[in-house]
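A.B. asks:
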Amino acid sequence: MKSTLLSRRDLDFLLFEWLRVEDLTKRARFAEHSPETFSDVLELCEQLATRYFAPHNKKSDNHEPSFDGSRVTVIPEVKEALDAFARADLIGMAMDYELGGAQLPVTVAQAGSAWLSAANVSTAGYLMLTTGNANLIAKFGTPEQVSTFVKPMLAGRFFGTMCLSETQAGSSLGDILTRAEPREDGSYRLFGSKMWISGGDHEMSENIVHLVLAKIAGGPPGTKGISLFIVPKYLVGDDGAVGQRNDVVLAGLNHKMGYRGITNTVLNFGEGGYLPDGEPGAVGYLVGEPHRGLAYMFHMMNEARLGVGMGAVALGYTAYLKSLQYARERPQGRPVTAKDFAAPQVPIIEHADIKRMLLAQKSYVEGAMALALYCARLVDIQHSPESDDELDKATLLLDILTPVAKSWPSQWCLEANNLAIQVHGGYGYTREYDVEQHYRDNRLNPIHEGTHGIQSLDLLGRKVTARSGTSLVALEGAVAETIAAARSAGGELVELAGQLHAVTQRLAAVTTAMFASGDIEAALANSAIYLEAFGHIVIAWMWLEQVLAADGKPGDFYDGKRQAGRYFFRYELPRTTPQLDLLESLDRTTLEMRPQWF
1 MKSTLLSRRD LDFLLFEWLR VEDLTKRARF AEHSPETFSD VLELCEQLAT RYFAPHNKKS
61 DNHEPSFDGS RVTVIPEVKE ALDAFARADL IGMAMDYELG GAQLPVTVAQ AGSAWLSAAN
121 VSTAGYLMLT TGNANLIAKF GTPEQVSTFV KPMLAGRFFG TMCLSETQAG SSLGDILTRA
181 EPREDGSYRL FGSKMWISGG DHEMSENIVH LVLAKIAGGP PGTKGISLFI VPKYLVGDDG
241 AVGQRNDVVL AGLNHKMGYR GITNTVLNFG EGGYLPDGEP GAVGYLVGEP HRGLAYMFHM
301 MNEARLGVGM GAVALGYTAY LKSLQYARER PQGRPVTAKD FAAPQVPIIE HADIKRMLLA
361 QKSYVEGAMA LALYCARLVD IQHSPESDDE LDKATLLLDI LTPVAKSWPS QWCLEANNLA
421 IQVHGGYGYT REYDVEQHYR DNRLNPIHEG THGIQSLDLL GRKVTARSGT SLVALEGAVA
481 ETIAAARSAG GELVELAGQL HAVTQRLAAV TTAMFASGDI EAALANSAIY LEAFGHIVIA
541 WMWLEQVLAA DGKPGDFYDG KRQAGRYFFR YELPRTTPQL DLLESLDRTT LEMRPQWF
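Just so you know, the UniProt record's numbering puts 275 at position 275 of the sequence shown, and the rest follows in order with no gaps.
#1: Straight-line CA distance for residue 495 to residue 410?
#2: Under 8 Å: do the region 30-41 and the region 61-81 share three or more Cβ pairs, one atom per stretch?
#3: How many Å lie between residue 302 and residue 533 at the Cα?
#4: What would DSSP say about residue 135, mapped onto helix, strand or coil?
#5: By how many angstroms is the C-alpha of residue 565 removed from the C-alpha of residue 554?
#6: Give the DSSP bridge partners of residue 162, in chain order.
#7: Can you list, in chain order, the residues of its chain with a C-beta nearer than 8 Å to that of residue 243? Leave out the 5 residues immediately preceding and following it.
#8: Decide yes or no for the touch test of the region 353-365 against the region 149-158: beta carbon pairs closer than 8 Å, at least 3 of them.
#9: Ignoring anything shorter than 4 residues, give me the alpha helix (DSSP H) runs that lie fully in the region 408-461, in order along the chain.
#10: Quick check: the region 391-409 against the region 270-281, are there 3 or more CB pairs under 8 Å?
#11: Quick one: what's got a C-beta closer than 6 Å to residue 11's C-beta in the same chain, skipping five residues either side?
#12: Output needed for residue 497: all residues of its chain with C-beta closer than 6 Å, excluding positions within five of it in sequence on either side, in chain order.
#13: Could you compute how far the alpha carbon of residue 420 sits from the alpha carbon of residue 271?
#14: Leaving out five residues before and five after residue 348 in sequence, what residues of the same chain have Cβ atoms less than 6 Å from its Cβ?
#15: Could you check which residue in 7, 18 and 1 has the C-alpha nearest to that of residue 544?
#16: Run the CB neighbour count on residue 600, radius 10 Å, all protein chains shown included, and call it buried at 16 or more, exposed below.
#17: Quick one: measure Cβ to Cβ for residue 51 and residue 386, integer angstroms, because I've assumed they're closer than 8 Å.
#18: Suppose you measure from the CA of residue 320 to the CA of residue 416; what does that come to, to the nearest Å?
#19: Are residue 423 and residue 323 close, meaning C-beta to C-beta below 8 Å?
#20: Would you list, in sequence order, the uninterrupted alpha helix (DSSP H) runs of no fewer than 4 residues that lie entirely inside the region 61-91?
#21: For residue 177, count neighbouring Cβ atoms within 10 angstroms of its own Cβ and tell me buried if that reaches 16, exposed if not.
#22: Provide the residue span of the alpha helix (DSSP H) that contains residue 286, from first to last.
#23: Smallest Cα separation from residue 96: which of 184, 224 and 139?
#24: Answer with buried or exposed for residue 159, where buried requires no fewer than 16 other C-beta atoms within 10 angstroms of its C-beta.
#25: Along the chain, where does the beta strand (DSSP E) containing residue 120 start, and where does it finish?
#26: Does the beta-carbon distance from residue 198 to residue 262 come in below 8 Å?
#27: Comparing C-alpha positions only, which one of 56, 195, 101 and 441 sits nearest to residue 269?
#28: Kindly indicate which residue of 228, 193, 317 and 388 has the alpha-carbon position closest to the one of residue 8.
#29: Let me know the secondary structure DSSP gives residue 2 once reduced to three states.
#30: What residues in its chain sit with their C-beta under 7 Å from that of residue 637, if we drop five residues either side in the sequence?
#31: Ordered along the chain, which non-local residues of its own chain (more than five positions away) have a Cβ less than 7 Å from that of residue 21?
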């Protein structure tokens, strides 16, 4: 029976027929691997997801972590799943051999992790945070920090978090108040409070490694004065042994509409709950140089943004497959031309509107999956560049695509969840069916790791204009290569290529006009609309790539790819025309609205 978590057939198509990940084995970094290795990892991830992660998804949703004032309790199945993944040596599957990783391509690791998110996004969240934390320390930490904290994380003994936001600051990190005071031994003592810390406290690991943003007195104002610190829940001795409790105190748990299985916490640092040596403050260790903490943290934030995007894809994908299965099995009604009411009812998948909703879901989730894996492939090129030009191109593309890869799936795979509920009819919003939980879980992703609005300002206000628009030019060049290949292939691909060429040219012209006006306030006022239009154009590109990879290949799978591509170009890409019109007009409706008018 086919899995309703993800489509292995689709993953194989994207990885091996389109992205040709086997070519990565020609690079020194991945030379010890093979296509068989990649397939084995995907198979193992699917097995772990099916056996350990999926079975407790509803249970962890119904039985949230609890806090009795001293200890956090999480249902035991969560730890069982995490331990199983650690025993398989997969936590660091994309990290360097010398760290204890498997040095697999990130493309393969992301595809493998998608199985876990589709099965149980809450439990998978502990792993995503731990891997991101470990990657940051491995890149910017000292050898001692790597040995003390990274290697135990990859072994599954320690877990990791990221501690950025504060109640009064929200996403405005320049306004954080957590402070760090230096000590003679080179360590620091931290004082402050952090909010929305996923995985912030539990009893499932020997230790929790917090990466905390704080300010050192005398530093520059705003974000330029932020430093980054490692603050473990328990202090670690020179011999690597876990010792005394650090002064990190759980103030309480947040209760969310989704992702209920992962603890989400308020943490207080240095409130006096635990005093390692009788001196107040949580012991912390500076990562890198003072006042460069936000730059370092962006390494984890960007990785987490790609991870959140993939999580959104996985949630949309599994709901699509479950609604597809339901539509095949649920008899209701008869064809609109039927006259004989004594005839048996037909499965609802025979009805045109159900096909429309299923096609929409398919176009969203398979398009978004392609984008997520394409971005992962760019990371692999960064890790194994064969020339400076190749590295520069991959970096430019990844910079401009990261906000899209985070936000577009968070918006449109959520819409796929919405349609999955609709396909189920009244059953869709009952708790007996999975799709209502998938919607609740996915609704958090437009906020996780930077809201839709923040990503849109990052795209339009920074990435599009960076280095005089070099990233946008690189993207236009990559899209142009696909268009040229599609035109050379002939047939229907020529028409699709023409549509994509026209809308890409329009996007470039509108972008230029917006900034040429000199009215930056008006240009940025509708940045969310820009991100949506930009994202739809990028996903159309992903669909042209897929249709091109499927060209000339017979069979239901490839026919389905072609039809979903047609759907996106005919039903979805035209949405961008009025959006680009609005952006070009520099409409000031939102700017001119006054708070008292609401």
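Beta carbons are placed, not taken as given, at the ideal position from N, Cα and C, and that holds for glycine.
C.D. replies: So, from the listed chains and residues:
#1: Taking the sequence shown and counting its residues from 1, one reaches residue 495 at position 495. Taking the sequence shown and counting its residues from 1, one reaches residue 410 at position 410. Their Cα atoms are separated by approximately 29 Å.
#2: no
#3: Counting from one through the sequence shown, the residue named residue 302 turns up at place 302. Counting from one through the sequence shown, the residue named residue 533 turns up at place 533. Each residue's Cα considered, the two are about 21 Å apart.
#4: Counting from one through the sequence shown, the residue named residue 135 turns up at place 135. Three-state DSSP puts residue 135 in a helix.
#5: Indexing the sequence shown from 1 puts residue 554 at position 554. Indexing the sequence shown from 1 puts residue 565 at position 565. Whole-angstrom Cα-Cα distance: 16 Å.
#6: Start at 1 with the first residue of the sequence shown, and residue 162 comes out as number 162. Residue 162 is bridged to 211.
#7: The count along the sequence shown starts at 1 and reaches residue 243 at position 243. Result list for residue 243: 234, 235, 236 and 237, in chain order.
#8: no
#9: Runs of the alpha helix (DSSP H) inside the region 408-461: 435-443 and 452-458.
#10: no
#11: Translated into the one-based positions of the sequence shown, residue 11 becomes position 11. The answer, listed in chain order, is 111.
#12: Mapped onto the sequence shown, residue 497 falls at position 497. Taken in chain order, the residues that qualify are 483, 486 and 487.
#13: Along the sequence shown, read from residue 1 onward, the residue named residue 420 stands at position 420. Along the sequence shown, read from residue 1 onward, the residue named residue 271 stands at position 271. Each residue's Cα considered, the two are about 47 Å apart.
#14: The residue given as residue 348 occupies position 348 in the sequence shown. Hits under 6 Å: 327, 330, 332 and 354.
#15: As a first step, residue 544 must be located in the sequence shown, where it is residue number 544. Checked all of 7, 18 and 1; the closest Cα to residue 544 is 18.
#16: The structure shown has nothing for residue 600, since the chain only spans 1 to 598.
#17: Position 51 of the sequence shown, counted from the start, is the residue given in the question as residue 51. Position 386 of the sequence shown, counted from the start, is the residue given in the question as residue 386. At roughly 39 Å, the Cβ-Cβ gap does not stay under 8 Å, so residue 51 and residue 386 are not in contact.
#18: Here residue 320 refers to the residue found at position 320 of the sequence shown. Here residue 416 refers to the residue found at position 416 of the sequence shown. For residue 320 and residue 416, the distance between alpha carbons rounds to 7 Å.
#19: Against the sequence shown, residue 423 aligns to sequence position 423. Against the sequence shown, residue 323 aligns to sequence position 323. Cβ distance < 8 Å, so residue 423 and residue 323 count as in contact.
#20: 76-87
#21: To locate residue 177, count along the sequence shown from 1; it is residue 177. Counting Cβ neighbours within 10 Å, residue 177 comes out exposed, since fewer than 16 surround it.
#22: Translated into positions along the sequence shown, residue 286 becomes position 286. Not the alpha helix (DSSP H): residue 286 falls in the beta strand (DSSP E), residues 282-286.
#23: Translated into positions along the sequence shown, residue 96 becomes position 96. Here the closest residue by C-alpha is 139.
#24: Taking the sequence shown and counting its residues from 1, the one referred to as residue 159 is at position 159. Label assigned to residue 159: buried.
#25: Residue mapping note: residue 120 aligns to position 120 of the sequence shown, counting from 1. No beta strand (DSSP E) holds residue 120; DSSP gives it neither H nor E.
#26: The residue given as residue 198 occupies position 198 in the sequence shown. The residue given as residue 262 occupies position 262 in the sequence shown. In contact: residue 198 and residue 262 (Cβ atoms closer than 8 Å).
#27: By 1-based counting over the sequence shown, the position of residue 269 is 269. Among 56, 195, 101 and 441, the Cα nearest to that of residue 269 is on 195.
#28: Counting from one through the sequence shown, the residue named residue 8 turns up at place 8. Residue 317 is the option with its Cα nearest to residue 8.
#29: Here the question's residue 2 lines up with position 2 in the sequence shown. The three-state reading of DSSP puts residue 2 in coil, since its state is none of H, G, I, E or B.
#30: The question about residue 637 has no answer, for the chain in this structure spans 1 to 598.
#31: Position 21 of the sequence shown, counting from 1, holds the residue named residue 21. These residues qualify, in order along the chain: 15, 38, 105, 107 and 108.
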